[in-house]
Amino acid sequence: MPTTPHIRHATVDDAAALASFAARAFADTYLGLDDPQEIADYCAEHFQPEVMAGVIRDPACATLLVWVGEQLAGYAILRDTPPPGCVTAPQPLQLWRLYLGQGFIGQGLGARLMAEVHEQARRRGARTLWLGVYDRNVRAVEFYGRFGFVQVGTSQFLFGGRYYADPIYAAAVKESP
């Protein structure tokens, strides 16, 4: 019998598992799109347990975990941070990260996680979600498009010692169902 997925807020006790999962999901996502050493360097800097614990503790962030049984299947992080100038819609909140493990893509977990992202955004008083996404990450661009995100501009993103012009997308926070 399949296990019902559940979504919950991360705690500091989840930091090590989240760091490991996030590094693997990031590497899997960008494998073949970027230099493997630059991917490894990015993961080593951004996905350490102490870094993830800091994010989990940060009151400006909401870190959501998707579990299928005892297995971490995905996560999302919302962050209250000033948006780039191209985000002009009211009360914006950043969808900073949203990833699923490779074995969980295509099972509806992304849609469930996105629904919870909207719920958390409403609770925080946001009316707009915004995010940056690498334009070569076609799967993500298509995913966000299915949820009403439209490109509103670009912003610089430092990766591998180079700046990229990442497209910035925004969408209205959905009303409660």
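Read in order, the letters of the sequence shown are residues 9 to 185 in our numbering.
Where is the CB? At the ideal position from N, CA and C, for every residue including glycine.
| Item | Value |
| --- | --- |
| List the endpoints of the continuous beta strand (DSSP E) containing Arg105. | 100–108 |
| According to DSSP, which residues form a beta bridge with Phe165? | Tyr172 |
| Please state whether DSSP places His14 in a helix, a strand or coil. | strand |
| What residue range is occupied by the uninterrupted beta strand (DSSP E) comprising Tyr56? | Note on identity: in this sequence residue 56 is Gln, with Tyr being the wrong assignment. Premise fails: Gln56 is in no beta strand (DSSP E) and is neither H nor E. |
| Tell me the rounded alpha-carbon separation between Pro44 and Met60. | 22 Å |
| Per DSSP, what kind of secondary structure is Gln128 in: helix, strand or coil? | helix |
| May I ask which residues mark the beginning and end of the alpha helix (DSSP H) holding Gly40? | Here Gly40 belongs to no alpha helix (DSSP H), and DSSP marks it neither H nor E. |
| Would you check if the distance between the CB atom of Tyr26 and the CB atom of Leu80 is smaller than 9 Å? | This sequence places Leu at residue 26; Tyr is not what is there. Result yes, Cβ atoms of Leu26 and Leu80 sit closer than 9 Å. |
| Would you say the segment 108–115 touches the segment 21–37, given that touching needs at least three Cβ pairs under 8 Å? | yes |
| Between His17 and Thr71, which are expected to be in contact by the criterion C-beta below 8 Å, what is the C-beta distance as a whole number of angstroms? | 7 Å |
| Pop quiz: Leu41 and Cys69 are said to be a contact at Cβ under 8 Å. What is the actual Cβ separation, rounded to whole angstroms? | Their Cβ separation, rounded to whole angstroms, is 26 Å, which puts Leu41 and Cys69 out of contact at 8 Å. |
| Straight-line CA distance for Ile176 to Asp21? | 32 Å |
| Under 6 Å Cβ to Cβ from Ala134, same chain only, skipping five residues before and after it: list those, please. | Gln99, Leu101, Val181 |
| With H, G and I counted as helix, E and B as strand and the rest as coil, what does DSSP make of Gly77? | coil |
| Label Asp66 either buried or exposed according to how many other C-beta atoms from any shown protein chain fall within 10 Å of its C-beta, with 16 as the threshold for buried. | exposed |
| Work out the CA separation of His54 and Phe34 for me, nearest whole Å. | 10 Å |
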